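Peer 1: What follows is a structure written as structure tokens; I'll ask about it next.
Protein chains in written order, with the working numbering: chain A, 4 to 494; chain B, 4 to 494; chain C, 4 to 494.
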């Protein structure tokens, strides 16, 4: 056991100057010395594996345009609601962070000012994954060697600005630099997929693929639903004035996504309810909503649940893997939504339920070899209670990676601790990042591999797994499982 | 601190050949070296204590017949739904695993083929308690020294087959080999307890005892409820055509269980609700159900809740300890239920509630010295929120051991971490295994003792407990508490 | 790695005689050697910081009278429901512990007998925070050097009795001895604050302050509500016969609390619901209740929710920080309540909900710089699911310290592990003790500082934080944040 003094020296060596940023090679590996040594060996076998990024939110346009990133603030602060919400939570106005206003009103445009605000408040991120990812991005991606602070803000800004001006830092070039083998964008049902077509023409068709996300088309009570249905008619060539035509349009769009290389669909609903409606009742409700009639919250939720069932049925036909992301109450603060729009950090989880909610789909398709659903949650209580028992029984189910707030060192560790004993490792999907912050993708995958290495190392030291098995499992979780989980089912 | 190299050697020594199965003496003890050393001392004081098995599901007939086990697959795979569900979850058909069909249709009968499927898929069990128990059974009980795999399947089969043919491996002989001091079977209210009578005649009357489980008689909406009530009349000699007669029959059966050495009842309900019904309303509902009238799901649940209250009342009279196991939605996949029947791995937990649900029984009997209830859950969220506060106040309550999916290394650890601070150790029941896999019983008790040793070792090292106290507590948890928790209350 | 023998010696050194009580300097620091060494350094920087005690339940009268404590049992056992409930849970009658009866009936008055019962049952507290606090109190505050047991009970009694007779052990003198910089009492809306006035006259006005707790005035269905409203009229000089007058009286009382140095309000509700009622409907319901008309449970809860909204509005005007403590079902066992009254260990948590419940208040005041709410829970599931996401977004919110059953080593550790990654450290309030056991206050703060040091040490060793940052954070959590979280908002 090292003495306190030795320890202090060791710690100091890693953090020799409070102003000097460097990534310790053992970061996020277990604190315990024996566990760390085993974890290091396991991590060593996965660190360099290519990345499979099947739940990305980088826009296809970013790759199609392949322009240099604007500036450090516009790249790393303004669009990242993990970052802006933390600054807002301490009383900083979103507008002063350059977060655009819905009404086009004035917001801070001086990117240096925004960047300084961020650096000055660096301590707020202590203990958060945002801090961890940001350090990785700064050091590994942009070659920054200073810890953010009021004093270092400008110097860091300059370093990043210089780096993103280099030709090797354009989006498509970063794919190689980041070892991204496959990345999926997230696209609305009405997307014409033009950017994907362009990218396919440039040889990226199998590397950058779309994911079909029909949320805006299935929530009758969301603003703009009728516009979405009209757009759906246009892009699909189907007549969506009837419910049958609406289904036909969705089927047609799914076909177009498959043709564009798509492997999956994605569904963000308030609940995981999948109860189907009677076909006649669904058609009547659809017609009423389309005619501008009143639709209650309950009716809208029933229709959304029904559409999960319908999409599951379609997945059996076209083989697209179904991703379900329930349990988030969007736009909790109306004022923020009205001033700044969606995805501004005010989406708050609610308690989730899967056992009863998924039963209709699982009764029908749960054992169908053509069906595959990957489940996500921001309510950890369902890991051991519902998700692991379900995934440990139904062949169609896989558990997705810890999602959103849970995509973090402690969150990932708890996921393994609470899900593995019942679901095993092989009913999980491996890592799926979930970000619009492109530059953070390598950090996220790397963190997952480190945390998994730590968990597996403990199993090895507790003699619950051999080292050989642990390494094999780690490789499967980092690379093999995401590929097989998202392979298109043969219809 | 060992260097990585030393560590590697140490790990290798434990797993020197990937094909060679051996149990490390420190398995499931804490990974940390200091904690492990203390845990080893604590565990050393409990490892050899006899087993008290008060929630078993081995059939009394198995002991009464005392025949050799059929073969490895029929012993270790086919009847264990923990094992078959995991294989099913990866697309293997239950029929190909020999799981009998309700309609008597064909299933795999080649036990070697079933065993090979199991061994070939050994990796699916990584990180699960099934893997841990099975390793223990193979190595400790059957003397197997090979790791399961496609290549080793036949050799392992031969080793087990030879061992179970030995006279010392019959069920009654294993009681001694396993150091089982007391084992309870689980018997329906209509059981004539003939096997127990036979075993009593052979001198096993105080070692193999029945537990009274009236579930089939109290759920009005289950298939076969009326047949159960008719059988109840027959075995009890009471006229169950009225509600009063029904209660009389239950009272009479409980008496017979007490006479046969029974110490406890067991209740598996969807919820923990114990709200009593008005006696007249209960009688009318009973009469309607018996006459084949319509009973709604709500009415059936209300009656089941009422019967928990009634059984609590009866426990005050006859002193049987009441075990409550709520929160599982049985037979989630109807198709599997219809093809293969109950207990096939498709029982999925739902959120549990105890605070309000138990209030009626606790208001009435919670301080009654004649009453004892032991509570189980598969929803961990209630440990710190509801169960520990309840058991830490009401003298009639004890917390049962982590149950079902939670009967696992991480599950047990979390139980101690979340329940102990509020309930203390002495409001828990100690370990209660819950299995129909007879050969896994020693593994389960051993694992519990190891995990508890690890938890107690941490408390010692954090100076929250002396080593002497930790050892005393460990012995109490492993042996003393299960005996005292299940001692019949003096009425 | 120490050998088992070395370890045994080391452990023995700390616990050399089972009868000899001594506090190990490293107690409650991490078991792991490396983590402990770092934690020790961090803890060293916070151990001596003054205490900010913003949620105390010591009566103002105790300080105003400043009398010696009665005797060991009356000081440490009888009034502490954490202690009595544990003894009750093992079948000991509250009356035999001297817990007063509502009807004034006989209870044990021999304090030595009560103390002996407590000491004889010392083992029940193993693994609980009560044990940890009590050891600290005995050793640090009262200089006891014996472990409680049947044999040592009288000797310990004598030691404490002698100590509390010393002039330095009176309540006001203990403020200095305990380094309490600021302590808040909890006072009903109808309190005349006479003791605070007296203390202010003695120069304690800024050190001992009141907290405004209007619970009895806002729950229409609680016994004595009308008497409370009448008392409110009297003390405020407002006419509470109308709803408007009732609001005026509350406003006036809040003003008086502000004048007496109060910084906060406190609200104990069954749920966190903050839905406002229509003003007319609230007035009518108030009038009906005041006239003795029937008020349903739903109506009473709706009114209580409304009053949370109203109090939030008032906080924006007078700057009092709002503390919300929901989710406890009070007086679960009616018999205990009727015999012994409130706060006797039979308050049991229920599942909590914050996301939807707080929305009305947060929509309106969540971004108002004059508003501050500090949230508490006894349902841990909301930490990562609801509370951290809310506090990590809304500038008005802070997360309070782990509360009640969760104010414990494991509870605190889980709080940091589940809340920090999303809320950060700086959206928490730092430590707030919650006790009527005055002598346990230093133990509670000290424990919190040790657990936080352990958590921060792990982050340092995982290279997620520098040691310098960890120390700064620890100081903020122990001292700076409680002061700033509870600073009165400028209206």
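Where is the CB? At the ideal position from N, CA and C, for every residue including glycine. Keep in mind that this is a model prediction, so the values were computed, not measured.
Are residue 461 of chain B and residue 322 of chain B closer than 8 Å when you measure CB to CB?
Peer 2: In this structure, residue 322 of chain B does not lie closer than 8 Å to residue 461 of chain B by Cβ.
Peer 1: Flag this pair as yes or no: are the beta carbons of residue 102 of chain C and residue 347 of chain C separated by less than 8 Å?
Peer 2: Against a cut-off of 8 Å, the Cβ pair of residue 347 of chain C and residue 102 of chain C comes out as a contact.
Peer 1: Using 8 Å as the Cβ pair cut-off and three pairs as the minimum, do the region 308-327 of chain B and the region 355-365 of chain A touch?
Peer 2: Result no; under three Cβ-Cβ pairs closer than 8 Å.
Peer 1: Taking its Cβ as the centre, do 16 or more other Cβ atoms sit within 10 Å of residue 19 of chain A, making it buried, or is it exposed?
Peer 2: In this prediction, residue 19 of chain A scores a pLDDT of 45, lower than 50, which makes its location untrustworthy; the coordinate-derived value is nonetheless stated afterwards. Exposed is the call here.
Peer 1: Am I right that residue 133 of chain C and residue 76 of chain C are in contact with their C-beta atoms under 8 Å? What's the rounded C-beta distance?
Peer 2: Actually they do not touch by this definition, with Cβ atoms about 15 Å apart.
Peer 1: In chain B, what lies closer than 7 Å to residue 428 of chain A by C-beta?
Peer 2: The contacting residues are 129 and 130.
Peer 1: So, is the C-beta of residue 93 of chain A closer than 8 Å to a C-beta in chain C?
Peer 2: At least one chain C Cβ lies under 8 Å of residue 93 of chain A.
Peer 1: Measure the beta-carbon distance from residue 437 of chain A to residue 406 of chain A and round it to whole angstroms, keeping in mind my assumption that it falls under 8 Å.
Peer 2: Confirmed, Cβ separation roughly 6 Å.
Peer 1: The beta strand (DSSP E) that contains residue 54 of chain B, what's its start and end?
Peer 2: Run containing residue 54 of chain B: 54-56, per the beta strand (DSSP E) assignment.
Peer 1: For residue 185 of chain C, which residues does DSSP report across the bridge?
Peer 2: Answer is C:55, bridged to residue 185 of chain C.
Peer 1: Residues of the region 366-384 of chain B in Cβ contact with chain C at a cutoff of 8 Å, in chain order, please.
Peer 2: Residues passing the 8 Å Cβ filter: 366, 369, 370, 372 and 384.
Peer 1: What's the call for residue 35 of chain B, buried or exposed, on a 16-neighbour Cβ count within 10 Å?
Peer 2: Buried is the call here.
Peer 1: Relative to the alpha-carbon of residue 376 of chain A, which residue among A:409, A:382, A:489 and A:29 has its alpha-carbon at the smallest distance?
Peer 2: Closest by alpha carbon: A:489.
Peer 1: Output yes if chain A places a C-beta closer than 8 Å to the C-beta of residue 299 of chain B; else output no.
Peer 2: No - not a single Cβ of chain A is within 8 Å of the one on residue 299 of chain B.
Peer 1: Going by CA-CA distance only, name the one from C:163, C:135 and C:219 that's closest to residue 147 of chain C.
Peer 2: With distances taken between Cα atoms, residue 147 of chain C lies closest to C:163.
Peer 1: Does any residue of chain A have a CB that is nearer than 8 Å to the CB of residue 48 of chain C?
Peer 2: With 8 Å as the cut-off, residue 48 of chain C does not count as an interface residue toward chain A.
Peer 1: Do you know how far the Cα of residue 187 of chain A is from the Cα of residue 58 of chain B?
Peer 2: Their backbone Cα atoms lie some 50 Å apart in a straight line.
Peer 1: Exposed or buried, residue 213 of chain A, counting other C-beta atoms within 10 Å across all chains shown (16 or more means buried)?
Peer 2: So residue 213 of chain A ends up on the buried side.
Peer 1: Could you check the C-alpha separation between residue 458 of chain B and residue 411 of chain A for me, to the nearest Å?
Peer 2: If I take the Cα positions, the gap works out to 26 Å.
Peer 1: Could you please give the first and the last residue of the uninterrupted alpha helix (DSSP H) stretch that includes residue 256 of chain C?
Peer 2: Run containing residue 256 of chain C: 246-262, per the alpha helix (DSSP H) assignment.
Peer 1: If you measure between the beta carbons of residue 118 of chain C and residue 80 of chain C, is that distance less than 8 Å?
Peer 2: Yes, they are a contact pair.
Peer 1: Could you compute how far the alpha carbon of residue 487 of chain A sits from the alpha carbon of residue 159 of chain A?
Peer 2: Approximately 40 Å, taken between the alpha carbons.
Peer 1: Which chain B residues sit within Cβ distance under 8 Å of residue 395 of chain A?
Peer 2: 88, 89, 92 and 348, listed in chain order.
Peer 1: At which residues does the alpha helix (DSSP H) containing residue 70 of chain C begin and terminate?
Peer 2: Element bounds for residue 70 of chain C: n/a, residue is neither H nor E.
Peer 1: What residue from A:454, A:474 and A:415 has the CA that sits closest to residue 32 of chain A's CA?
Peer 2: Answer by Cα proximity: A:454.
Peer 1: Identify which residue in B:181, B:443 and B:125 has its Cα closest to the Cα of residue 140 of chain B.
Peer 2: Cα-wise, what sits closest to residue 140 of chain B is B:443.
Peer 1: Based on the DSSP secondary-structure assignment, which residues constitute the bridge partners of residue 215 of chain A?
Peer 2: Looking at the DSSP assignment, residue 215 of chain A forms a beta bridge with A:190 and A:268.
Peer 1: Count the C-beta pairs between the region 214-230 of chain B and the region 269-286 of chain B that are closer than 8 Å, then say yes if the count reaches three, no if not.
Peer 2: The region 214-230 of chain B vs the region 269-286 of chain B: in contact.
Peer 1: Give the single residue among B:253, B:182 and B:474 whose Cα lies nearest to the Cα of residue 239 of chain B.
Peer 2: Selected option, being the one with the closest Cα: B:253.
Peer 1: Is it right to say residue 479 of chain C is buried, meaning 16 or more other beta carbons lie within 10 angstroms of its own, or is it exposed?
Peer 2: By the neighbour-count rule (16 or more Cβ atoms within 10 Å), residue 479 of chain C is buried.
Peer 1: Return the residue from the list B:446, B:452, B:315 and B:493 that minimises the CA-CA distance to residue 136 of chain B.
Peer 2: That would be B:446, whose Cα lies nearest to the Cα of residue 136 of chain B.
Peer 1: Starting from the N-terminal side, write out each stretch of the alpha helix (DSSP H) that is 4 residues or longer and does not extend beyond the region 306-359 of chain B.
Peer 2: Within the region 306-359 of chain B, the complete alpha helix (DSSP H) runs of at least 4 residues are 337-343.
Peer 1: On the DSSP bridge list, what partners appear for residue 376 of chain B?
Peer 2: The partner list for residue 376 of chain B (beta bridge, DSSP) reads B:325 and B:400.
Peer 1: Is residue 287 of chain B buried or exposed, if buried means 16 or more other CB atoms sit within 10 Å of its CB?
Peer 2: Counting Cβ neighbours within 10 Å, residue 287 of chain B comes out exposed, since fewer than 16 surround it.
Peer 1: Tell me, please, whether the CB atom of residue 389 of chain B is closer than 8 Å to any CB atom in chain C?
Peer 2: Yes, because at least one Cβ of chain C sits closer than 8 Å to the Cβ of residue 389 of chain B.
Peer 1: Drop a sphere of 10 angstroms on the beta-carbon of residue 294 of chain B, count the other beta-carbons inside from all chains shown, and report buried for 16 or more, exposed for fewer.
Peer 2: Classification for residue 294 of chain B: exposed.
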